[in-house]
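Residue numbers (the working numbering): 9 to 621.
Ideal Cβ placement from N, Cα and C applies to all residues, glycine included.
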């Protein structure tokens, strides 16, 4: 016995940087009293350390020797005879959930502490921690043993609670089959409860505002009085919410019994009542939803529960996204502008652009069916309408984000001044476009000549300009104002018929009648396209002048179609014909020439110069 006692004392006071396994093994309950007895006989100046060691050993003896005081509730099927009994049994089942969750959290905390203490024990040789120097390793060993034994006890309790939970769940599912649940007036009662809670919320909000007033005044008594009223109002809300939850649980159990899908909406209703409670009450009801989910999954099926949870998750995600979208980014005219406002404004403007595009397509579609609507009218109508839609969308967008459109009167005033200077050409072109639209003097497809160097076909008509495509396939943008202020030749305004004037000349002495005859005969026999069978538009050869070197003629011939809008090519065809005809009939084609006459005086001067040399 003395040797055992000596061994205990030696092992207790010898410094070691390893775990004391004797404090943790199965025989540890016999070791603890021996350690305590040894400490009682030790005389040491460091009484605080000794007292701490004694206290830890006493706690270890108590922990390992005591039995569980709190019994675990086990439900009995025969004791559940009505809906009230079932409700009480369900509350017992919820308590099981609450305790298991509490033990789970406590186990996690103790695991963190044991990890820390284990590191302290292994690091004690290196003195890495200041805290380790203040506490003897034996104290750390005892603390570590205490937390390990506590974990073992908690885990044992957790296992028993798990077994009880499974048994109680079976009892609840079995009992729900034969219980008649009173669902009468549930909807009416819950609606009344919701209204009362809402009214009390408003009352409490008013009290909070009143309390702030007393805070500004520094009235402590007034604040204390209002805090009591606020607390009383919150307690009333808790009482009403608890009663509503009990009533709604009858509906939940009835839906559980019938395996009705509205059980999820009832659960959501109960969840809302819980949310209206004070934080303390909410914590006491926190595990009820988990217990309800377990009943639903066992009774109705895990798949449906997962589907509902997924749906609920999406709803919560949607709410979270909406909350973030409503978060204000900046303010305009004292109105908070959120991300959602910006997205909505952008959507409205993009929708306006889409509507304008659809409007253009619609005008194009009906334009092909309406005979009296020309292509240029279609283009101008589509442009005006689409611009109007875009402008309206722009102002609606500004209104959506909170801009006061009345403030644009100031901007309009500034614009009116700007129009008088920098914007007058833009406005003039815009007005000119409207005038051209109503006049219909220019339309798409017309062939215009604006100057000697610019002519081409109209390819597009816009509000500010007209696009002219030349025969060289070059697009020229001409402002609308040009067509109003300057002279413009429209070769195809009423039709595409034009008389061309092809000039040519013959030498003096040529037979004029013969010239006319051979030219007209050759033209008639040629394959050149021109108007042949219109009596009023027959080709003519006209003498125009008698110039210095030639007798000048012009061939007048009427053309249409492509020959009208391609004058250079048409002119080429007729000139080639004239040249070949005159050459074939040996009619001289003159060209400019200069005759030089050398007079005698020049000759004499030349001879005199030669003699002097």
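For residue 509, the pairing in a beta bridge is given by DSSP as 564. According to DSSP, residue 498 shares a beta bridge with 456.
The C-beta of residue 601 has fewer than 16 other C-beta atoms within 10 Å across all chains shown, which makes the residue exposed. Residue 263 holds the alpha-carbon nearest to the alpha-carbon of residue 194 among 60, 393, 263.
Under DSSP, residue 549 shares a beta bridge with 563. Cα atoms of residue 105 and residue 60: separation of roughly 36 Å, rounded to the nearest angstrom. Contact between the region 272-292 and the region 212-230 is absent: fewer than three C-beta pairs spanning the two stretches fall below 8 Å. Residues of the same chain with a CB within less than 8 Å of the CB of residue 125, apart from the 5 flanking positions on each side, are 148, 151, 152, 155 in chain order.
In the DSSP annotation of this structure, the continuous segment of the alpha helix (DSSP H) that includes residue 287 starts and ends at 287-292. Under the criterion of beta carbons closer than 8 Å, residue 211 and residue 191 do not qualify as touching, at roughly 31 Å. Nearest in C-alpha terms to residue 370, of all of 356, 353, 391, 352, is 391. A distance of 8 Å or more separates the beta carbons of residue 197 and residue 118. Residue environment: residue 182 is assigned as exposed (fewer than 16 neighbouring CB atoms within 10 Å of its CB, all protein chains considered). Between residue 290 and residue 282, the CB-CB gap stays under 8 Å. Under a 10 Å Cβ-count criterion, residue 495 is classified as exposed, with fewer than 16 other Cβ atoms of the shown protein chains found around its own Cβ.
Residue 101 holds the alpha-carbon nearest to the alpha-carbon of residue 302 among 94, 101, 87, 486. Taking a C-beta distance under 8 Å as the contact criterion, residue 261 and residue 85 do not qualify as a contact pair.
The residue among 541, 533, 597, 540 with its C-alpha nearest the C-alpha of residue 523 is 597. The beta carbon of residue 271 sits closer than 8 Å to the beta carbons of 260, 263, 264, 304, 308 from its chain, once the five residues preceding and following it are set aside; these are given in chain order.
Beta bridge pairing from DSSP links residue 336 with 346. Note that the region 573-582 does not touch the region 553-560; fewer than 3 beta-carbon pairs, one per stretch, sit closer than 8 Å. According to the DSSP assignment, residue 584 belongs to the alpha helix (DSSP H) that extends over 575-592.
Using a 10 angstroms sphere on the CB of residue 184, the tally of other CB atoms reaches 16 or more, which defines it as buried.
According to the DSSP assignment, residue 248 belongs to the alpha helix (DSSP H) that extends over 228-266.
Looking at 179, 333, 407, the one whose alpha-carbon comes closest to that of residue 88 is 179. Rounded to the nearest whole angstrom, the CA to CA distance from residue 345 to residue 253 is 39 Å. Rounded to the nearest whole angstrom, the C-alpha separation of residue 164 and residue 72 is 12 Å.
Short of 8 Å from the beta carbon of residue 585, and not among the five residues preceding or following it, lie these beta carbons of its own chain, in chain order: 530, 531, 534, 536.
In the three-state DSSP reduction, residue 484 falls in the strand class (E or B). Here residue 539 carries a coil assignment [DSSP, helix/strand/coil].
Spatial neighbours of residue 454 in its own chain (CB-CB distance under 6 Å, excluding positions within 5 residues in sequence) are listed in chain order as 466, 498, 500. Cα atoms of residue 402 and residue 388: separation of roughly 21 Å, rounded to the nearest angstrom. Taking the CA atoms as reference points, residue 581 sits about 15 Å from residue 547. Restricting attention to 81, 209, 122, the CA atom closest to the CA of residue 172 is found in 81.
Proximity to residue 450 across 329, 503, 539, 512 peaks at 503, based on C-alpha coordinates. Nearest C-alpha to residue 208 among 286, 464, 115: 286.
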